[in-house]
Each structure stands twice: as structure tokens, then as C-alpha cells.
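Asks: Here it is, the structure, as C-alpha cells.
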Amino acid sequence: MARIPERRSLRRRLRPYFTVFDWPLGLVLFILMMTSVITMTSAGADFPDRVEHQIRNFLLAFAVMWIAANVPPQMLMRLAVPIYTFGVALLIAVAMFGIIKKGARRWLHVGVDIQPSEILKIATPLMLAWYFQQRANAHSWKSFGVAALLLGVPFALIAKQPDLGTALMVGASGFYAIFLAGLPWRALMGLGVTGAAALPIAWSMLHDYQRERVMTLIDPTSDPLGKGFHIIQSEIAIGSGGIVGKGYGKGTQSYLEFIPEQTTDFLFSVYSEEFGLVGNCFLLVVYLMLIGRGMMIAANAPNTFCRLLAGAITMMFFTYAFVNMGMVSGILPVVGVPLPFMSYGGTAFITLGLGAGILMSIQRHRKLVQT
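To convert, take the position in the sequence shown, counting from 1, and add 329; that gives this note's numbering.
Have a look at this one:
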């Protein structure tokens, strides 16, 4: 008598889709998000529904992360070229038909206003990882030249909008993929010398407000009540936190509304004032755990595509944190980069959630991908 195959329960059939999370990475993200809620409750006291909206952003990022974690790397490889091409096409559409807000043409109206440049933060390293996967054993100066062109196109289109902060993030994520692919040190030194020589030209190409930001970084006291006001107040908040901080909800700079954008780009200032050096060290350790886990996933990746993509995404997280903390501490110009998984914002959380989901997908499918 033929044996009737056992019918799996609905729970067993659905279980693989809910065990996709990498728990070490997920724990770090949970800590960051809970720290964000705690800080946002204080920083957003004068902003109705800000905490509720941030929790909504968390849930949205979680949904995007879950979807991405269920997409195998083989599918990501097949989608790399279409996603990159679509993203660049949208950037061209923005340059031709985009909506101008506050002097910048960054948005495209398709029923709702969207900012296509966010797509390229993931699409660019995705495309470059695919490109080097096709040439895994044939890297040459020509292949690196083509890779530089693939990176340069979206970077130039975004910088022209102008959106220097996003352009730098796209450029950084793409550069990390090229570097991890084996870019020779001679090329890096050449790029450094060329970049230094091109500084006068780059300076002349900057918009007036961008040059003002650089000059404000050098000497914020030159206009303490104008362009330098924000960074001065941010530095005061960070310094006044001392060793252990003023205490939760007791940050005077934020409650007196001296700190600009205190729930978004300058959230770190509020956190530093209330939790001090001890709190900052804790936050740095958490971010180091995030970067460490991401690099571990990259190191254990089964092929070139997964290794480059995981490494580039991880280093993108690092760049987010480094630029934001440097910006609000007065060691980097203000370029509008949020603190990853903490600052208020929906679009950035979708991008970050997508990146985290891709890392989890690479970790989950590492034994299934053919090298």
C-alpha cells in the first residue's frame, strides 16, 4: 500500500519565511531602534506624534527588511542591472522634469513626490557587485575604469540636483564595492593626488551655500548668530553633557530649541547632552557591533557578488554614522546625513532596512549559493 505523504501544517510551511533574520544583526538593530525611541521621546517633546511616526517608520523598515531577507542573492543578481538602469533613468527624469523645492531639483511627481536618488544608495553597489562577479578572475585597469563610469553617472546626476549629502553616500557605497574588488593601491594613491590637485576646480563648482558650509566648518564663530549658529549650539550641547550627561529629558539645549533639526540630523546632539560621554561610548560600541557583524557576513559570503555587496552595504552604514557624528561635532561640514537607525525619517529607514535585509539574505543563503 502506497504511503500517503505527510501534509505539513500551515505553521511549518510559513516558518522558513519567519526564520530569515540574522539574530546577532537583528539584536543590534533592535538596540539602536529602542535607543532612538528613548531619545526621540525627549527630543520630540514639542513635535506632536513624532514618536508614533518613528515607530511607524520602524515597522515599515522591518517589513522591507523581511522582504529583502527572503529574496535570494541569485535573484538580486538578476535584478541588479534593471534596478540600476531604472534608478539612473529616474535621475535623468528628475533633471528634466523634477520638482524644485528650496532651490533643489530632487523630487519627481508620480502621484506622490519621490526622491529617486535614494534608490541608488543600494542600486549602485548592487550593480558594481554584479559587474565584478561577471569578471571575477579578469580584473584589469579597463574593468576598474568601467566600474568608475558606472559609479560616476549617478554621482554626477545627484550632485547636480544639488544634493551633495546623498551624492557622497552613493559615491561612498560604490567606491567601497570597487575597493573591495581589489582596486590597486597605486590607483588609490593616484586618486588621492588627482583629488588634491582638483580641489580648486571642485571648489569653483560648488554652490554658494555649499562653500559657506565649508567656511562655517573652519570658523563657525565668523557668523555666530547666522550660518554658524547651528553648529555652535550643537557643540555646546555635546560638550555640556560631560561624562555622564545631564540626565534623560534634562537637556537644556534641546528643550530651549537651540539645537536645529533635533529629531533628524542633529539627534546625536540631544543624545550626547542627556547621556554624556558614557552614553556616546555605548552608542559607538553598538555601531561597532553592527559594522563587525556586517563584515563577518561579507567575509563568509559564498561568492564575489555577495562579498562585495555585503561589504559595501556594511561600510555604507559606517559612513552614515561617521559623517553624522562628525557633522554635529563640528569636524565635518553639514551635509544632511541622518544617524543610521536612529534619526527620524521614513525614506532613510527604507534604504537602511533594505540594506540590512540584503545582509540577512546573504547570511541565510550562503550555503545555497554556488560559487
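Every residue, glycine too, gets a C-beta built ideally from N, C-alpha and C.
Looking only at C-alpha atoms, which of Phe484, Pro483 and Gly605 sits nearest to Ser327?
Replies: Shown here, the chain extends from 330 to 700; a query on residue 327 therefore has no answer.
Asks: If you run the structure through DSSP and keep just helix, strand and coil, what is His694?
Replies: Numbered from 1 along the sequence shown, position 365 holds the residue referred to as residue 694. His694: coil per DSSP, three-state reduction.
Asks: Buried or exposed for Ala485, please, with buried defined as at least 16 other CB atoms from any protein chain shown within 10 angstroms of its CB.
Replies: Taking the sequence shown and counting its residues from 1, the one referred to as residue 485 is at position 156. Under this definition Ala485 is an exposed residue.
Asks: Are the Cβ atoms of Gly578 and Ser371 separated by less than 7 Å?
Replies: Locating residue 578 in the sequence shown gives position 249, where the first residue counts as 1. Locating residue 371 in the sequence shown gives position 42, where the first residue counts as 1. Yes.
Asks: In the DSSP assignment, what residue or residues form a beta bridge with Trp436?
Replies: Numbered from 1 along the sequence shown, position 107 holds the residue referred to as residue 436. DSSP output for Trp436 lists Ile428 as bridge partner(s).
Asks: Given Thr495, which residues of its chain have a CB within under 6 Å of its CB, disregarding the five upstream and five downstream residues?
Replies: Here residue 495 refers to the residue found at position 166 when the sequence shown is read from its first residue. Correct list, in chain order: Ser446 and Ile487.
Asks: Let's see if you can read the secondary structure: which residues bound the alpha helix (DSSP H) around Met644?
Replies: Counting from one through the sequence shown, the residue named residue 644 turns up at place 315. Looking at the DSSP string, the run of the alpha helix (DSSP H) that includes Met644 is Thr633 to Ser658.
Asks: Using alpha carbons as the reference points, say which of Phe646, Ala458, Gln462 and Leu512 lies closest to Ser469.
Replies: On the sequence shown, position 140 is the one that residue 469 refers to. Comparing Cα-Cα distances from Ser469 to each of Phe646, Ala458, Gln462 and Leu512, the minimum goes to Leu512.
Asks: Any idea if Cys610 is buried or exposed, counting beta-carbon neighbours within 10 angstroms, 16 or more meaning buried?
Replies: Numbered from 1 along the sequence shown, position 281 holds the residue referred to as residue 610. The residue is exposed, with fewer than 16 neighbouring Cβ atoms inside 10 Å.
Asks: Based on the DSSP output, what are the partners of Asp442 in its beta bridges?
Replies: Translated into the one-based positions of the sequence shown, residue 442 becomes position 113. BP columns for Asp442 point to His438.
Asks: Short of 7 Å in beta carbon distance, which residues of its chain neighbour Pro402, apart from the five on each side in sequence? Order them along the chain.
Replies: Counting from 1 along the sequence shown, the entry for residue 402 is found at position 73. Taken in chain order, the residues that qualify are Phe634, Cys635, Ser690, Ile691, His694 and Val698.
Asks: Report the rounded CA-to-CA distance for Ile451 versus Thr414, giving the unit in angstroms.
Replies: Translated into the one-based positions of the sequence shown, residue 451 becomes position 122. Translated into the one-based positions of the sequence shown, residue 414 becomes position 85. If I take the Cα positions, the gap works out to 13 Å.
Asks: Looking only at its own chain, which residues have a Cβ that is under 7 Å from the Cβ of Leu358, when we skip the five neighbours before and after it?
Replies: Position 29 of the sequence shown, counted from the first residue, corresponds to residue 358. Correct list, in chain order: Phe670 and Ala685.
Asks: Quick check: the Cα distance between Arg434 and Tyr505, rounded to an integer number of angstroms?
Replies: Locating residue 434 in the sequence shown gives position 105, where the first residue counts as 1. Locating residue 505 in the sequence shown gives position 176, where the first residue counts as 1. Their backbone Cα atoms lie some 27 Å apart in a straight line.
Asks: Check Gly328 in the structure and name its three-state DSSP category.
Replies: The displayed coordinates of the chain run from 330 to 700. Any statement about residue 328 would go beyond what the structure contains.
Asks: If contact is defined by three or more beta carbon pairs under 8 Å, each pair taking one atom from either stretch, is the region 616 to 634 in contact with the region 591 to 603?
Replies: No, they do not touch.
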